[in-house]
Amino acid sequence: MEFINSKVFPYMVATAAGAVAFSAAFFSVFGLSKLFAGAQTSVVIMAGSLEFAKLVTASFLYRYWKTVPAFLRTYLLVGTIVLIMITSAGIFGYLSNAYQGATTGFEKQSTTLIYKEDQLQQVKDDQIFLKQEMDDAIKELPDNYRTARKKLRE
4 MEFINSKVFP
14 YMVATAAGAV
24 AFSAAFFSVF
34 GLSKLFAGAQ
44 TSVVIMAGSL
54 EFAKLVTASF
64 LYRYWKTVPA
74 FLRTYLLVGT
84 IVLIMITSAG
94 IFGYLSNAYQ
104 GATTGFEKQS
114 TTLIYKEDQL
124 QQVKDDQIFL
134 KQEMDDAIKE
144 LPDNYRTARK
154 KLRE
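Under the working numbering, the letters of the sequence shown match residues 4 to 157, in that order.
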């Protein structure tokens, strides 16, 4: 219990909260930029400012909940919730993009593997065909052509 009462604990809580907020903001901003890839720079600027506004508004509401008029409090609360949903969409976009990238890579490798397996099967089929052709050619030779038969087998 001494640790929780120490002077370091509030800084640890603030650092942890800041790290969570920063990572959520990062994934949200870059996720939104993946969803709207045509205007990536604009989306990063806009989403970054929305993330900052969300954190400031949530902090403001926490600090001044009792002193802010009900209308403003409701407006800011709804705005913060909307920004939280936008953040969630951005994180979803980021994770979806990562999943699609992994899936695409896997599909390319699978296609390459299937192609190589087909090539291998074709070579095996050709080998069987050529062996059969050679055996037929050897059988067509007269019995006294032993040297020719030996050369064909080699």
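Positions of the beta carbon are idealized from the N, C-alpha and C atoms, including for glycine.
With 16 other Cβ atoms within 10 Å as the buried cut-off, status of Gly108
The sequence position of residue 108 within the sequence shown is 105, counting from 1. Flag for Gly108 reads exposed.
Rounded straight-line distance, which links the Cα of Val59 to that of Val85
Taking the sequence shown and counting its residues from 1, one reaches residue 85 at position 82. Taking the sequence shown and counting its residues from 1, one reaches residue 59 at position 56. The straight-line gap from Cα to Cα measures roughly 14 Å.
With 16 as the cutoff for other CB atoms within 10 Å, does Thr114 come out buried or exposed?
Translated into positions along the sequence shown, residue 114 becomes position 111. By the Cβ-count criterion, Thr114 is exposed, with fewer than 16 other Cβ atoms from all chains shown falling within 10 Å of its own Cβ.
Compare the beta carbon distance of Ser36 and Gln43 with 8 Å and say whether it is the shorter of the two.
Residue numbering aside, residue 36 sits at position 33 when the sequence shown is read from its first letter. Residue numbering aside, residue 43 sits at position 40 when the sequence shown is read from its first letter. Yes.
On the three-state DSSP scale, how would you describe Ser45?
As a working mapping, residue 45 is identified with position 42 in the sequence shown. Ser45 falls in the helix class under three-state DSSP.
Gly21 burial status per 10 Å Cβ neighbour count (16 or more: buried)
One-based indexing of the sequence shown puts residue 21 at position 18. Note on Gly21: under 16 other CB atoms within 10 angstroms of its CB, so exposed under the neighbour-count rule.
Do Thr160 and Ala50 have their C-beta atoms closer together than 8 Å?
The first residue shown for the chain is 4 and the last is 157, placing residue 160 beyond what the model contains.
Please report the straight-line C-alpha distance between Ala101 and Thr70, rounded to a whole angstrom.
The sequence position of residue 101 within the sequence shown is 98, counting from 1. The sequence position of residue 70 within the sequence shown is 67, counting from 1. Cα to Cα, Ala101 sits roughly 44 Å from Thr70.
Terminal residues of the continuous alpha helix (DSSP H) containing Ala27?
Along the sequence shown, one-based indexing puts residue 27 at 24. From DSSP, the alpha helix (DSSP H) with Ala27 extends over 12-38.
DSSP three-state assignment for Thr150, whether helix, strand or coil:
The residue you call residue 150 lines up with position 147 of the sequence shown. Thr150: helix per DSSP, three-state reduction.
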